[in-house]
Amino acid sequence: MKKILLLGTVLFVGLSGCQHLIPNQEHQISITKPLGTTQCSDTDPNTELKKHKAVLEQANIQVYSAEIGTDGMSHIALCGTADSKIAIFNVNKTSLLTVQSLGYKQIVMD
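Counting along the sequence shown from 1, when you hit position 71 you're at 72 in the numbering used here, and nothing is skipped either side.
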């Protein structure tokens, strides 16, 4: 019984030491930029998302999460025109000026 208690204590203390490695969501912001994909195109949105992420990483910006979303706007249904797909990333707040210089906008939640 003492061995189990000791093992549990060691695991708890050991894992609590890694807590600083988990990014704090209070220090993150969501940013967005159109993917640049168009209607009726063969362009893969996932490939475009990876390209956007690579640009951010090349600018030494740590990306905590990446996903494809929509801008929520109406778009005319016509091949070759913009679709509503956007790239959404979570990054550190300290990167705001850099990401803005790269054309990203912060998503502000009301």
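Heads up, the beta-carbon is just placed ideally off N, CA and C, and yes, glycines get one too. Computed from a predicted structure; not experimentally measured.
Own chain residues within Cβ distance below 7 Å of residue i, not counting five before or after
| i | result |
| --- | --- |
| Cys82 | As written in the sequence, residue 82 is Thr, which differs from the Cys given in the question. Thr39, Gln40, His76. |
| Ala60 | Thr99, Leu103 |
| Met74 | Ser85 |
| Glu27 | none |
| Ile32 | Phe90, Val92, Val100, Tyr105, Lys106, Gln107, Ile108 |
| Thr44 | Thr38 |
Closest Cα partner of residue i within the set the options
| i | options | result |
| --- | --- | --- |
| Lys51 | Asn61, Phe90, Gly104 | Phe90 |
| Leu79 | Ile32, Ser42, Pro35 | Ser42 |
| Gln63 | Gln26, Gln101, Ser96, Glu27 | Ser96 |
Sub-8 Å separation of residue i and residue j beta-carbons
| i | j | result |
| --- | --- | --- |
| Val92 | Leu57 | yes |
| Lys54 | Thr71 | no |
| Gln29 | Lys94 | yes |
Paired residues, beta bridge with residue i - DSSP
| i | result |
| --- | --- |
| Lys34 | Ala88 |
| Gln40 | BP columns for Gln40 are empty, so no partner. |
| Gln107 | Ile32 |
Own chain, CB closer than 8 Å to residue i, minus 5 neighbours either side, in chain order
| i | result |
| --- | --- |
| Ile69 | Leu36, Pro46, Asn47, Leu50, Lys86, Ile87, Ala88, Ile89 |
Contact set for residue i: own chain, Cβ-Cβ below 6 Å, skip 5 residues either direction
| i | result |
| --- | --- |
| Ser66 | Asn91 |
Which whole runs of the alpha helix (DSSP H) in the stretch 43 to 100 are 4 residues long or more, in chain order? 46 to 59
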